[in-house]
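Visitor: Structure provided below as structure tokens; questions to follow.
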Amino acid sequence: AQKVTQAQTEISVVEKEDVTLDCVYETRDTTYYLFWYKQPPSGELVFLIRRNSFDEQNEISGRYSWNFQKSTSSFNFTITASQVVDSAVYFCALRGGNSGGSNYKLTFGKGTLLTVNP
Amino acid sequence: NAGVTQTPKFQVLKTGQSMTLQCAQDMNHEYMSWYRQDPGMGLRLIHYSVGAGITDQGEVPNGYNVSRSTTEDFPLRLLSAAPSQTSVYFCASSSEWSGNTIYFGEGSWLTVV
């Protein structure tokens, strides 16, 4: 069975602070994919990043960066110099990649509500 | 640039009524799925499809039916709505050739009274 744990239910920061959202996953698949999605107050799910299990390079996109560590089964997300517009619920998700017909289902964490105060 | 389109966006039903949530995608994705989002629960998979004519159950399928007669459409049917089905519903699609990134519709807010 697959599992994604986002231990932080809510985080509140002041604008311009850096913030890291934690994600720990469990899977028996040797190939898998990890995702981060943003859900702003308007409710839609916005895709942020996909990481393949065989690519452990960290990635930076503007103020966003992701730290993937297979040794600790973690895929953490850092926002540098946070802004009010970053306020949202952030979901980490896992998709298995082994054969078996169920490879295209996402297992979600319960989400972290990030509030950035001015 | 439609992507995944869900209708309706908001719906109020009475207990026992039936309804269909529509989902269409214009990206020629073979994989489609329905999730529900409840407070504190994240998103949970209801049903999914790996191609036209093929559907399967996800984590929480009870009370829902699906069909996939075309690649583009994947409707979700509630045959006899119950208050426990009050939730936000998301349709999603993906494809191997699109790098397996899963794209979501804008969500459908359903209230059963």
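Chains as they are written, first to last, in this note's numbering: chain A, 225 to 342; chain B, 64 to 176.
Glycine included, C-beta positions come from ideal geometry on N, C-alpha and C.
1. So which residues on chain A does V151/B lean against when the C-beta distance must stay under 9 Å?
2. Quick check on DSSP: helix, strand or coil for Q80/B?
3. Around the Cβ of V175/B, are there at least 16 other Cβ atoms within 10 angstroms (buried) or fewer (exposed)?
4. Using a Cβ-Cβ cut-off of 6 Å (strictly less than) and excluding sequence neighbours within five positions of Q100/B, which residues of its own chain qualify?
5. For S132/B, go through chain A and note every residue whose CB falls closer than 8 Å to its CB, in chain order.
6. Output the residue ranges of the beta strand (DSSP E) runs that lie fully inside the segment 229 to 314 of chain A and measure 3 residues or longer, sorted by chain position.
7. Taking C-alpha atoms, which residue in K227/A, I303/A, V248/A lies nearest to K191/A?
8. Are at least three pairs of beta-carbons, each pair with one atom in the segment 264 to 284 of chain A and one in the segment 227 to 237 of chain A, less than 8 Å apart?
9. Are Y127/B and G66/B closer than 8 Å when you measure CB to CB?
10. I want to know whether the segment 81 to 101 of chain B touches the segment 242 to 261 of chain A - three or more CB-CB distances under 8 Å.
11. When you compare the CB positions of M95/B and R131/B, do they come within less than 8 Å of one another, or not?
12. Measuring only the C-alpha atoms, how far is Q69/B from E268/A?
Guide: In terms of the structure at hand:
1. Position 88 of the second sequence holds residue 151/B. Per Cβ cutoff of 9 Å: G267.
2. For this step, residue 80/B is matched to residue 17 along the second sequence. If DSSP states are grouped into helix, strand and coil, Q80/B belongs with coil.
3. Stepping through the second sequence from its first residue, residue 175/B is reached at position 112. Result: buried.
4. By one-based count along the second sequence, residue 100/B stands at place 37. Contacts found: L106, V151.
5. Residue 132/B sits at position 69 when you count from the first residue of the second sequence. Ordered by position in chain A, no residue passes the 8 Å Cβ test against S132/B, which lies about 19 Å from the chain.
6. You should have 234 to 238, 243 to 245, 248 to 250, 256 to 263, 270 to 276, 283 to 285, 288 to 293, 298 to 303.
7. Outside the displayed range of chain A (225 to 342) lies residue 191/A, so it cannot be described from this structure.
8. With a cut-off of 8 Å, the segment 227 to 237 of chain A and the segment 264 to 284 of chain A do not count as touching, because too few Cβ pairs lie within range.
9. On the second sequence, residue 127/B is found 64 positions in, with the first residue counted as 1. On the second sequence, residue 66/B is found 3 positions in, with the first residue counted as 1. Taking 8 Å as the cut-off, the Cβ atoms of Y127/B and G66/B do not count as close.
10. No contact exists between the segment 81 to 101 of chain B and the segment 242 to 261 of chain A.
11. Position 32 of the second sequence, counted from the start, is the residue given in the question as residue 95/B. Position 68 of the second sequence, counted from the start, is the residue given in the question as residue 131/B. Closer than 8 Å, so yes.
12. As a working mapping, residue 69/B is identified with position 6 in the second sequence. As a working mapping, residue 268/A is identified with position 44 in the first sequence. Computed Cα separation, rounded: 11 Å.
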